[in-house]
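This report refers to the structure that appears directly beneath it.
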Amino acid sequence: MRIAVYPGSFDPITNGHLDILERSLKLFDKVIVAVLVNTSKSCLFQAERRKEMISKVVGRKNHITVGSFGGLLVDYCKQVEARTIIRGLRAVSDYEYELQISSINKQLAPDLETVFLMASTQYSFLSSSIVKEIAKLGGNVSALVPKEVEIALKMEFSKNS
Ligand code: PNS
């Protein structure tokens, strides 16, 4: 069984992430969406909430599992018996960071491969940070994130205003 882990902060998940996830299912038998916990990054949503949103959005599908991890990604991959890490690549600006983390992961776990999927053109500009900024300023994010996330963002920012 070809198991892959699709890791990220997913703060929150966007249509760009979902596009990568959907396309990765054509390549793997099972994809585990792995939400990073305990990050030094300050996140808008708690990890449990991010995970819950992803689960709601993807629904119950045999080939997708949603999990979370707080340590090294390579250790999590070992634990869930995944041999591949999936990452999406948008602009050239992603390249350096992605090269760095894939090289480190390769050094830590030589048997693990990272597979990069190029973002679809319509999502090549899209990031969770951009979505949060637009939502915070009262803009419409309905074309950028699933409905669940749009509602969660509205609630979060109305709470803070
Ligand atoms: O969505 P992001 O924030 O770009 O995802 C980054 C992520 C989660 C893939 C990366 O930060 C990660 O794997 N963190 C876990 C800690 C780890 O394994 N570090 C060593 C490789 S950077």
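Heads up, the sequence shown is in the numbering used here, so the first residue is 1237 and it goes up one at a time.
Think of the CB as a built atom: it goes at the ideal place given N, C-alpha and C, for glycine as much as any other residue.
Check, Outcome
"Where the alpha helix (DSSP H) through residue 1364 begins and ends", "1364-1372"
"Residue interval of the beta strand (DSSP E) (run including residue 1267)", "1266-1272"
"Check whether residue 1254 and residue 1267 have beta carbons under 8 Å apart", "no"
"Closest residue to residue 1318 among 1368, 1379, 1289 and 1301 (Cα-Cα distance)", "1301"
"CA nearest to the CA of residue 1242, picked from 1260, 1259, 1249 and 1269", "1269"
"Assigned secondary structure, residue 1327 (DSSP; H/G/I helix, E/B strand, else coil)", "coil"
"Heavy atom of the ligand PNS within 7 Å of residue 1340 beta-carbon", "yes"
"Residue from 1347, 1329 and 1373 whose Cα sits closest to the Cα of residue 1354", "1329"
"Beta strand (DSSP E) segment containing residue 1354, residue limits", "1349-1354"
"Residue 1243 Cβ short of 7 Å to the ligand PNS heavy atom set", "yes"
"Segment contact flag, the segment 1339-1353 with the segment 1302-1322, C-beta cutoff 8 Å, min 3 pairs", "yes"
"First and last residue of the uninterrupted beta strand (DSSP E) at residue 1242", "1239-1244"
"Nearest-angstrom Cβ-Cβ length linking residue 1388 and residue 1289, presumed shorter than 8 Å", "6 Å"
"Which of helix, strand or coil DSSP assigns to residue 1310", "helix"
"The ligand PNS heavy atom lying under 7 Å from the CB of residue 1310", "yes"
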